[in-house]
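So the structure is just underneath, and the comments pick up after that.
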Amino acid sequence: MTPENPSGFTLWAVWRRDLAARGPVDTTGLADAVASVEAGGVVVRGLYDVSGLRADADLMVWLTGETAEALQSALRVLRRVPAIAALLPTWNALGVHREAEFSRAHAPSFLRGLPPKGWVTVYPFVRSYDWYLLPEEDRRGMLADHGRKGSEYPSVQANTVANFALGDYEWILALEADEVTELVDLMRHLRKTEARLHIREEVPFFTGRRIGVDEVAEVLA
């Protein structure tokens, strides 16, 4: 991975409580597991409280690293922690940085050395079937307009990664902000773009507050 041509993988995993198997939340080993995966070169960009925003999600983890297999291994380490082993999987997504359409300089925030923010929303999207067959000039213009509208919220950090062949989507986008209302306002603002006419899927959304290891037990209780 070089500053001139950054490449990197990222993975999100979302879990929910198993209401049929309630018991004390045992976070024994969680801090050690996080330290272990980071010692192996994987970054735990955040643990997130996604409870209450959806009926099927309580905890999300966001990992970044240089290879897909490193992220797979790190996730297995975390899943062996009793508190996470007791949960049920809801959603996973793996992405890799590739040059953005018409913007080679664009790179995810996690590859630009920007620290994580207090809130994140993560969602996939799939372009319309005709998008990639449209004239290049038309696509460039629509994405430029989309980018200008997004730049009106400079405090929101964007992380767009490719999901082609890695899952059911084309792209995964994670937006980070200090306040959840910034995410709400930005997403609403971006509805007013022509590029959105060429989206055929952009769900599910997983939104949550970044938390410390010491907060996980309360979130899952």
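In the numbering used here, the protein residues as written are 12 to 232. Glycine is no exception: its CB is placed at the ideal position from the N, C-alpha and C atoms.
query                                                                                                                : result
Run of the beta strand (DSSP E) containing residue 220, from where it starts to where it stops                       : 217-222
Stretch-stretch touch, CB-based, cutoff 8 Å, three pairs: the stretch 50-60 with the stretch 214-225                 : yes
8 Å Cβ cutoff met for residue 86 and residue 26                                                                      : no
Boundaries of the beta strand (DSSP E) in which residue 187 is found, first to last residue                          : 182-188
Proximal residues to residue 36 (C-beta, below 6 Å), its chain only, five neighbours per side dropped                : 94, 228, 231, 232
Three-state secondary structure assigned by DSSP to residue 145                                                      : coil
Of the residues 79, 151, 19, 34, the one placed nearest residue 96, counting alpha carbons only                      : 34
Among 138, 73, 79, the one whose alpha carbon lies nearest that of residue 170                                       : 73
Cβ contact check for the stretch 76-91 and the stretch 142-154: 3 or more pairs under 8 Å                            : no
Residue 28, buried or exposed, once every other Cβ within 10 Å from all chains shown has been counted against 16     : buried
Beta-carbon gap between residue 49 and residue 120 smaller than 8 Å                                                  : no
Under the three-state DSSP convention, the category residue 166 falls into                                           : coil
First and last residue of the uninterrupted alpha helix (DSSP H) at residue 45                                       : 41-50
Residue 232 - DSSP class collapsed to helix/strand/coil                                                              : coil
Own chain partners of residue 205 with C-beta closer than 7 Å, once the 5 adjacent residues on each side are dropped : 153, 156
Span separating the alpha-carbon of residue 129 from that of residue 190                                             : 7 Å
Three-state class that DSSP yields for residue 101 in the structure shown                                            : strand
8 Å Cβ cutoff met for residue 167 and residue 208                                                                    : no
Burial state of residue 174 (16 or more Cβ within 10 Å)                                                              : buried
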